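Colleague:
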Amino acid sequence: MRLAGDSEVSTLETPIGPATGRPPFLSQLHEWVTTVDHKKLGSMYVVCGIIYMIIAGLEASMMRWQLAWPGQTVLTPEEFNRLFTMHGTTMVFFVGMPILLGSANIMIPLMIGARDLAFPRLNAFGFWLFLFGSILLYFSYFGGQGLYGMGSAPDVGWFAYAPLTERTYSRGHSTDYWILGIFVAGIGSTATGINFIATILGMRCRGMTLMKMPLFVWIMLVDAILIVIALPPLAAAQIMLLFDRLLGAHFFDAQAGGSALLWQNLFWFFGHPEVYILILPAFAYVTEIIPVFSRKVIFGYPLMVAATVAIGFISLGVWVHHMFSVGLSPLINAIFMASTMLVGVPTGIKMFNWTATMIGGKIRFDTPMLFSIGFLCQFLMGGLTGIFLATVPFDWQVSDSYFVVGHFHYVLFGGLIFGILAATFYWYPKVTGRMMSETLGKWQFWLLIIGFNMTFGAMHVSGLLGMPRRIYTYQTERGWDLWNLLTSIGVIFQIAAFTLFAINLLHSAFKGRRAGDDPWDAWTLEWSTTSPPPAHNFDEDPVVYSRRPLWDLKHPEDPDWKYE
Amino acid sequence: MMPAGILGWVMAASCSAAAAPIAPPTPSMFDPMGEPASIILNITWLLIGICGAIAVVMFTLIGYAIIRCRAVEGDDREPAQIYGSSPIELAWTVIPLMIVFVLCMVSARGIFELELETPPEGATEITVTGHRWWWEFEYEDLGIITAGELHVPLDDNSVADMFLTLKSADVIHSFWVPQLGGKTDVIPDRINHLWLQGNRAGTFVGQCAEYCGTQHAHMLIKVIVEPREQFDAWVATQQKDAVEDPAVAQGKHLFLRTSCINCHTVRGTVANGTFAPDLTHLMSRSEIGSGVAPNTPENLREWVFDPQNIKPGCDMPSMKLTRDEVDLICAWLETLK
Amino acid sequence: MSTAPMTAYPTPPEALPQDGMSNGKFGIGLMIVSEITFFGTLIAAYVFYIGRDINPPYPQDVLEVSIAPFKVLFNSVFLLISSVWIWLAVRAMRKGRMGAFIFWWALTVVCGAEFLVGTGMEWYDMIVNDGVWIGTNLFGSGFYTVVGFHAFHVTMGLIVLTLILILALLGHVTPRNVEKIDLVSWYWHFVDGIWIVVFSVVYIFGNQAIT
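Protein chains in written order, with the numbering used here: chain F, 1 to 564; chain V, 1 to 337; chain L, 1 to 211.
1. Leaving out five residues on either side along the sequence, give the residues of the same chain with a beta carbon under 6 Å from the beta carbon of isoleucine 289/F.
2. Would you decide whether tryptophan 446/F is buried or exposed? Buried here means 16 or more other CB atoms lie within 10 Å of its CB.
3. Starting from the beta carbon of leucine 183/V, find every residue of chain F whose beta carbon is closer than 8 Å, and list them in chain order.
4. Would you mind working out which of Gly248/F, Ile194/F, Glu557/F sits nearest isoleucine 32/L, comparing C-alpha positions?
5. At a cut of 8 Å, does the segment 127-137 of chain V reach the segment 359-366 of chain F through at least three beta carbon pairs?
6. If you compare alpha carbons, which of Arg547/F, Leu506/F, Arg513/F is closest to glutamate 526/F?
7. When the Cα atoms are used, what is the spatial distance from histidine 173/V to tyrosine 211/V?
8. Is glutamine 60/L buried or exposed, if buried means 16 or more other CB atoms sit within 10 Å of its CB?
9. Let's see if you can read the secondary structure: which residues bound the alpha helix (DSSP H) around tryptophan 520/F?
10. Per DSSP, what kind of secondary structure is asparagine 105/F in: helix, strand or coil?
11. Kindly say whether leucine 73/L, judged by its beta-carbon, lies nearer than 8 Å to any beta-carbon of chain C.
12. For histidine 189/L, which residues in the same chain have their Cβ closer than 7 Å to its Cβ, ignoring the five residues on either side in sequence?
13. If contact is defined by three or more beta carbon pairs under 8 Å, each pair taking one atom from either stretch, is the segment 181-197 of chain V in contact with the segment 477-484 of chain F?
14. Would you say lysine 212/F lies against chain V (beta-carbon separation less than 8 Å)?
15. Would you kindly report the start and end of the unbroken alpha helix (DSSP H) that includes isoleucine 194/F?
16. Residues of the segment 229-250 of chain F with a CB closer than 8 Å to any CB of chain L: list them in chain order, please.
17. For isoleucine 127/L and phenylalanine 388/F, what's the separation of their Cα atoms in angstroms?
18. Counting beta carbon pairs with one atom in the segment 105-122 of chain F and one in the segment 216-228 of chain F, are three or more of them shorter than 8 Å?
19. Looking at the secondary structure, which residues open and close the beta strand (DSSP E) in which isoleucine 492/F lies?
20. Given this structure, state the Cα-to-Cα distance separating phenylalanine 94/F from lysine 25/L, to the nearest angstrom.
21. Strictly by DSSP, which residues pair up with tyrosine 187/L?
22. Quick check on DSSP: helix, strand or coil for arginine 267/V?
23. Near aspartate 539/F, which residues of its chain fall below 8 Å by C-beta distance, leaving aside the five closest residues on each side in sequence?
24. State the DSSP-derived secondary structure class of alanine 217/V, mapped to helix, strand or coil.
25. Is it buried or exposed, serine 318/V, if we count other Cβ atoms within 10 angstroms and call 16 or more buried?
26. Straight-line CA distance for valine 152/V to alanine 123/V?
27. Does DSSP put proline 21/V in a helix, in a strand, or in coil?
28. If you draw a straight line from the C-alpha of glutamate 121/V to the C-alpha of glutamate 35/V, how long is it?
29. Output yes if chain F places a C-beta closer than 8 Å to the C-beta of cysteine 260/V; else output no.
30. For a quick check, are the C-beta atoms of tyrosine 46/L and glycine 142/L less than 8 Å apart?
31. Let me check one thing: in DSSP terms, what residues is lysine 396/V bridge-paired to?
32. Applying the 10 Å Cβ sphere with the 16-neighbour rule, what's the burial state of leucine 161/L?
33. Check whether chain V comes within 8 Å of leucine 553/F, counting only Cβ atoms and requiring the distance to be less than that.
34. Buried or exposed: valine 117/L, going by 16 or more other Cβ atoms within 10 Å of its Cβ?
35. Could you name the residues of the same chain whose beta carbon sits closer than 6 Å to that of methionine 1/V, not counting the 5 residues immediately before and after it, in chain order?
36. Should the segment 411-422 of chain F be called in touch with the segment 484-491 of chain F, which here means at least 3 C-beta pairs below 8 Å?
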C-alpha cells in the first residue's frame, strides 16, 4: 500500500509532521495527482479497483439478503434493479478493467526491461478518465433524478438492452449516466490499450525477441489488441443510444423502424471480447505464478502463445452466443455454437499446459499458488459450464437463468478474482517491499473456497430449476428456497474472506516482513530490481538471452537459452 | 469444484420436483413434459457425460500434481525442467477438437429439430404478446383473448402441441416454460415462433426470463394442459360476453365511469381498452397481477384499492376510490366468471 | 543481467536490441485502428438501416450528388485532394524546404475548411428546406450521426493543422519535427479515407429507391 494513490489510504499511511521528515500531506497528494510513473498509476488503478470491488461486493450482498428467503421486502424492486445494474457494471468496468490495466501498467515495463510505458502522459490521462468515468456512474445516485424526479442510479442491467433504455421506458437521467460513465472510462481504457501495444512492440530490452517475452506480456499484448478493437464499437453504440435519448434519434426505437437486435449485436460484439479481455489477465497471472511455485519452466511456451492469439481471434467471432434465444435462424445458431465451442480448444490447451507444468514439479503451497490452484479448479468448472451454454438447445433452457449467473461467476470470480488475489499476494512484495501475511492469506483462501462454491454452485441448481436471473423476489411454491438460502449463506463466508484480505493489505503495508528483491526465487526481470523498484526501474539496462533471465543467472551451468 | 456434488443436487432436485403435490411443480428442466423439453434434456445428459469425463480427467491430473509433486522440506534442488512435448501437446489440441466436433453435430441436429417455421399438425396456435408486466394470449381461431393463463387441449394421443407466435408491446421479454421446452425472446420489432408440447394434464409454470423493468419478477406464465372436454368447456365460457347481473349493476356503472375502461376490456360493455388484461372472464383466472397474489376476494379488493402496494411500479395506478366504491366494483368483478 | 557469464559456463548468443517502429507511429497507427472500428460500427448501423425507414423523407428525396459548388461531390474533391497537398507538404519538409511546406500545408487547411463549410451548407439546406433532422426518421438519425462524426474528425484535424500552420509561420516548426508532422498527416489521410467509405455508403449505396 505504500504506492497507494487513494487519498484515504494516503492519509493512513502518511504520518504528517516534521518528525518523520516526510513532505506534508498536500505535497504528497500533489505528487500522486501529477505522477506519470507507471508504477504509481498502476497502483492507483489497482487500489481504485479494490475499493470498487468492495462496493460492488456489498451491492451483491444486499441482493443476496433480499433473495435469501422467498417474499422478502428488504429492498424495493427499483432498489434491487439498481443494485444488480450497478453491481454488474462496476465489476466489469471499474473492478476488472482497472485491475487488469493497473497490473499490466506496473508489470509490463518491469518485465520487458523498460523505463516506463511508451506514452507516460497518455497513461495518466487514461487513469484519470477511468476514475472520472467511474465517479460519473456513481454520481447517478445523486444526479440521476432528472427534472421529473425519475429514478436515481441506472436500473437497466449491465448490458442495457434497448428499448428498455429508450426515453420511453427509462425516464430521468440515470441511463445517461450509465452511458457517459462507461464512455469516458472506455476512452481511457482504449488509450491505455494503445499504450501497452506500443510499449510491448517498441520498448523491449536487448535480447528480448517476441518469442522471449514472458507469457504475461504476450497475454497482455493480445488483451490490449482486443481492447483497441472491441471498446470503440461500444462507444459508437453508446453514442447512438445517447442520441436516441437526448436528441430524439431513432436507432433503437422500434416504433420508427429501429431495431432492438442491433443494440444486442453491437453490445455483444464488444461484450464478448470484453469477457476475454477480463479473463486473459487472470491467465497472465497464473501463467507466471504456477511455474515459479512448481519450480518448473512453463510447459509448451510456443503453444501457449498460439493459444492466446487463437483465443483473441476466436473471441471476436462468438458474440451471437449471447443471443441464441432471440429467434435467429437455425443455421446462424449452429455456426455460432461451433465458433463458441472452438474457443474451448485453446482454453483447454492452456488448462493442460498449466497442469503439465505442475506435474513433475516441486510445488510450494504459498498463498499465490493456493489461489492459482483455486483458479484452475474453478475456472475449469466455469469453462465446462461454458461448453454447456454454447450448446444451443441447452442454452434455450437456461439462458438468462441463474445457471448463467453461476457460470459467469465461476469464470469471472472463480477465475478472474482468484487470479487477481493470486497476483496480489505474488506481486505485493515487489510493489510495496513487504510480504503479505501467509496465515491470513490461507484463512482467506479456505473461507473463500467454501463461500464461493456454496454461493455459485447453488446458483447453477436454481437456474436448472427454472429461476430466471434479475428477479427481485420469488414464491416459495417454485421450490427454489433451499438453493437461494445456500447461495446467501455462502456470501457470509465471502464477506469474512474479503475482510481478512482488507486487513491483510493494510496491515502488511506497515507491519509486513521485509521482502527483499526476490522473495519467491522467481525468474522474470521484475525480480532483478529492488522492491519497490526505483523510479527508473533498472540501474542498468537489462539484457536477456532467454525467457527466464533470472534462471540463467541463478543456473549459469544450465541456462534456458540452450533449450529454446 | 465438485462436479459429482452438483450432479447430485440436480438429481435430488428433480426427484423432489417430481414428487411435488398440488401446487404447480417446480419448473425444472429435468422434469420434461413433452418432446422439445425431452430433446433438450437428452442433449443435456450427453453434455453432462462428456464434460463430466473431462472434469474427472482434469481433476485427477491436478489432484495428482497437488498430492505427488509437493516440495520436500530441505530439498533445494530444482526439478527437471521440461520445456514441452510436441506429441502430448498435439494430442490435447486434437482430442478436444474432436470432442467439439461431435458435440456440435449432435446439438446442431437438436437445433434443427426444435426451431420450427410452421406449426406441427394439430397444434393449438396462440399469439403471445408480452406487456410490462403481464402476458396476453390470443386464440385467433377461437376469438379468445385472455391473460396470464394459457389453456391447451390434449389430443387423442395425449399430446398437447402449441405453436406460439411471440410479439412484444413494449420492451424485450422472454417466454419460458421449462417443462414444455426452451425459451424464446419476445422482441418489439420482430415476430418469433416457439413450439412447446405437454404430454399430460396439469399446470406448468414459467416466467419472463429477460429483464424488462421494475416488475420483471412478476410475469408469471401458467400453462394449463387439460383434456379436450375441459378445454372445450373453457373455450365456450371464454367466448361469451361478460355476465349481466342486476344485483351488482352499481359496481359495473362505477367501473364504466372511471378511467378503468381506457385500459381494460370487458366484452359486452363500453370498456374496450387494450393496454391492460382483458377482464371479461377475470374470475376464471387464479392469479392477480401476473402472479403477484392469488385471485381471492380480499386480494382483489386490495389490488383495486391500490395496485402500487402490491406490485410497486406496475402501470395500473391507484384510482383513489373509497373502500365502499372498491367493494362495489369488486362485487361486480367477482361475477365475471 | 548484463554481467557476462563466466568462462566456465556456456556463452549465450549475442543479444540484439529490440527496436521496432517509433512509439509515435505505433501510437497514431493504433489510434487509427480504434477509430476505424468506431466508424465501422456507425457505418454498419447505417447500412443495417438502409431501406428500413418507416417515415419519409428517404435519402433519395433529399441527398443530391452534385458537382456544383459547395455540393457534396465538389466538397469531396476538395477533401480528397487535400491528402495530396499534405503529402507534398511533408515531402517538402523532408527536403528542408520550409516555404513549400507552409504553402502546401496552408492549401490543405483551406481545402479542409472548404469541406466543412460545404458540409455546413448541405446540412443547412437539409434542415431548413427539406426538414430532415436527427429526430425525423431513421435516415436522419443515421445520416447526421455518421456524417456528423466524420465532420467532427475533420474539425479536430483542422484545428491541429491550423495550430501547426501558425507555429510554422512563427518559425517554431523546423525540419527536425518532420516525424511528428508526418504523424499528423497520417491522421489526415485517415480522415480522407473514411470519407470515401462514408460517401460510398451514404451517397451512393444507400441513396437508391427502396425496392
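Even for Gly, the Cβ is constructed at its ideal location relative to N, Cα and C.
Remember, predicted model here, so these are calculated numbers, not experimental data.
Modeller: Put simply:
1. To locate residue 289/F, count along the first sequence from 1; it is residue 289. Pro368, Ser372, Ala422, Tyr426, listed in sequence order.
2. To locate residue 446/F, count along the first sequence from 1; it is residue 446. Classification of tryptophan 446/F: exposed, given that the 10 Å Cβ count is below 16.
3. As a first step, residue 183/V is located in the second sequence; it is residue number 183 there, counting from the start. For clarity, residue 183/V is lysine in the given sequence; the question names leucine instead. Here the neighbours are Ser325, Trp396, Gln397, Ser399, Asp400.
4. On the third sequence, position 32 is the one that residue 32/L refers to. The candidate whose alpha carbon is nearest that of isoleucine 32/L is Ile194/F.
5. no
6. By 1-based counting over the first sequence, the position of residue 526/F is 526. The option with the nearest alpha carbon to glutamate 526/F is Arg547/F.
7. Numbered from 1 along the second sequence, position 173 holds the residue referred to as residue 173/V. Numbered from 1 along the second sequence, position 211 holds the residue referred to as residue 211/V. The straight-line gap from Cα to Cα measures roughly 7 Å.
8. Counted from its first residue, the third sequence places residue 60/L at position 60. By the 10 Å Cβ count, glutamine 60/L comes out exposed.
9. Taking the first sequence and counting its residues from 1, the one referred to as residue 520/F is at position 520. Run containing tryptophan 520/F: none; DSSP gives neither H nor E here.
10. The residue you call residue 105/F lines up with position 105 of the first sequence. The answer is helix: DSSP assigns asparagine 105/F an H, G or I state.
11. The chain labelled as chain C is not found among the protein chains of the depicted structure, namely F, V and L.
12. As a position in the third sequence, residue 189/L is number 189, starting the count at 1. Excluding residues within five positions, the ones whose Cβ falls inside 7 Å are Ser83.
13. no
14. Taking the first sequence and counting its residues from 1, one reaches residue 212/F at position 212. With 8 Å as the cut-off, lysine 212/F does not count as an interface residue toward chain V.
15. By one-based count along the first sequence, residue 194/F stands at place 194. Isoleucine 194/F -> alpha helix (DSSP H) spans 174-202.
16. Ile229, Ala230, Leu231, Pro232, Pro233, Ala235, Ala236, Ala237, Ile239, Met240, Phe243, Asp244, Leu247, Gly248, Ala249, His250
17. Position 127 of the third sequence, counted from the start, is the residue given in the question as residue 127/L. Position 388 of the first sequence, counted from the start, is the residue given in the question as residue 388/F. Cα to Cα, the separation comes out at about 53 Å.
18. yes
19. Translated into the one-based positions of the first sequence, residue 492/F becomes position 492. It is not in any beta strand (DSSP E) - isoleucine 492/F instead sits in the alpha helix (DSSP H) that spans 481-511.
20. On the first sequence, residue 94/F is found 94 positions in, with the first residue counted as 1. On the third sequence, residue 25/L is found 25 positions in, with the first residue counted as 1. Phenylalanine 94/F and lysine 25/L: Cα-Cα distance of roughly 30 Å.
21. Counted from its first residue, the third sequence places residue 187/L at position 187. None; tyrosine 187/L has no bridge partner.
22. The residue you call residue 267/V lines up with position 267 of the second sequence. Reduced to three states, the DSSP call for arginine 267/V is coil.
23. What you label residue 539/F is simply residue 539 of the first sequence in a count that begins at 1. For aspartate 539/F, where only same-chain residues beyond five positions count, the Cβ hits under 8 Å are Thr529.
24. Mapped onto the second sequence, residue 217/V falls at position 217. Reduced to three states, the DSSP call for alanine 217/V is coil.
25. Numbered from its first residue, the second sequence carries residue 318/V at position 318. Exposed is the call here.
26. By 1-based counting over the second sequence, the position of residue 152/V is 152. By 1-based counting over the second sequence, the position of residue 123/V is 123. Roughly 9 Å between the two C-alpha positions.
27. Numbered from its first residue, the second sequence carries residue 21/V at position 21. Per-residue confidence for proline 21/V stands at a pLDDT of 40, beneath the threshold of 50, marking its modelled position as unreliable; the derived number appears in the next sentence. Correct three-state label for proline 21/V: coil.
28. Within the second sequence, the letter at position 121 stands for residue 121/V. Within the second sequence, the letter at position 35 stands for residue 35/V. Computed Cα separation, rounded: 14 Å.
29. As a first step, residue 260/V must be located in the second sequence, where it is residue number 260. By this cut-off, cysteine 260/V is not an interface position.
30. Translated into positions along the third sequence, residue 46/L becomes position 46. Translated into positions along the third sequence, residue 142/L becomes position 142. The answer is yes: Cβ separation under 8 Å.
31. Because chain V in this structure spans residues 1 to 337, residue 396/V falls outside the shown range and cannot be described.
32. Along the third sequence, read from residue 1 onward, the residue named residue 161/L stands at position 161. With 16 or more other Cβ atoms within 10 Å, it is buried.
33. Within the first sequence, the letter at position 553 stands for residue 553/F. Taking Cβ atoms only, chain V never reaches closer than 8 Å to leucine 553/F, which makes this a no.
34. As a first step, residue 117/L must be located in the third sequence, where it is residue number 117. Under this definition valine 117/L is an exposed residue.
35. Translated into positions along the second sequence, residue 1/V becomes position 1. Low confidence applies to methionine 1/V: its pLDDT is 40, below 50, so where it sits in the model is not reliable, and the reading given next is rough at best. Here the set comprises nothing.
36. no
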